[in-house]
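Below is one structure, written out as structure tokens; comments come after it.
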Amino acid sequence: RGPDALFNVLIEGVNNFGKMPYTVMPAEDVYALELDNYNMSKPPGRTYKYYQNTPEWEFGYGLSYTNFSISCNLTAPTSPTISIQNVGPVDGSEVILVFHRVSDQIRASAPHPVPKKELIDFQRVTVGKSATETVTFLIPQSAFAVVDQNGNQQVYKGTHYLDFTNGVFTCTGTYNI
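Residue numbers (our numbering): 89 to 265.
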């Protein structure tokens, strides 16, 4: 299997890629975590949602044999469109991640820890060399919710942000609810 995979990449130009399914923290932060304490928000924080320092590799980071650029049309908050342009030498697939964040005002007024960001949607799109593809996300009102101290989802009034990213480029939409 190994030689076949290498042949596919080197000769046939197959563009395999991957995105990190977790955040890789520096060793000093890993060692600082108490193994018997599962509080996700206790500094330095656990997972991409609460981690407060600079990670070695962030959740969603990935490599490809081609390059992409993205542009966003965020005027319709419930159906934003993202254009992905392949500016590299080979066909490729890319994943657009959508994260929800709340404003510092909401975070300060909430009586519980609020994640820095939360993945609410994603789409994978295949884009030919020198081509552009467009994806539309359908964002329901419930996507702006955070989990409160009782475990219930709640949409807080105030400013919310949606970040659309491929791990390199990010477009941010600002929404007042």
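A virtual CB, placed ideally from N, CA and C, is assigned to each residue, including glycine.
CB contact flag (residue i, residue j, <7 Å)
| i | j | result |
| --- | --- | --- |
| Thr222 | Thr258 | no |
| Tyr107 | Val183 | Just to set this straight, residue 107 is Lys in the shown sequence, not Tyr. Yes, they are a contact pair. |
| Gln193 | Gly246 | yes |
| Phe187 | Lys204 | no |
| Phe105 | Ser152 | yes |
| Ala231 | Ile265 | no |
| Arg212 | Ser181 | yes |
| Gly261 | Leu185 | no |
| Pro165 | Tyr263 | yes |
| Asn141 | Asp117 | yes |
Residue i, DSSP secondary structure in three states
| i | result |
| --- | --- |
| Gly148 | coil |
| Asp179 | coil |
| Glu122 | coil |
| Gly106 | strand |
| Phe257 | coil |
| Ser129 | coil |
| Gln140 | coil |
| Thr262 | strand |
| Ser171 | strand |
| Ser157 | strand |
| Arg189 | strand |
Contact test: residue i Cβ vs the ligand MN heavy atom, cutoff 6 Å
| i | result |
| --- | --- |
| Glu182 | Inclusion of the ligand MN in the displayed structure is not the case, the ligand content being empty and no account of it being possible. |
Whole-number beta carbon distance between residue j and residue i, since they are thought to touch under 8 Å
| i | j | result |
| --- | --- | --- |
| Val112 | Pro91 | About 30 Å; that fails the 8 Å criterion. |
| Val175 | Asn103 | Val175 to Asn103, Cβ: 14 Å. No contact. |
| Tyr244 | Ala198 | 7 Å |
| Arg189 | Tyr249 | 4 Å |
| Gln173 | Thr135 | Gln173 to Thr135, Cβ: 31 Å. No contact. |
Only counting runs of 3 or more residues, tell me where the beta strand (DSSP E) segments fall wholly within the stretch 212-250, in order along the chain.
The beta strand (DSSP E) runs lying completely inside the stretch 212-250 and spanning 3 residues or more are 220-224, given in chain order.
Just checking, does the stretch 129-144 make contact with the stretch 222-240 on the three C-beta pairs under 8 Å criterion?
Judged by pairs of C-beta atoms under 8 Å, the stretch 129-144 does not touch the stretch 222-240, as fewer than three such pairs exist.
Pairs of beta-carbons, one from the stretch 251-265 and one from the stretch 148-168, closer than 8 Å: are there three or more?
The stretch 251-265, when compared against the stretch 148-168, does touch it at the 8 Å Cβ threshold.
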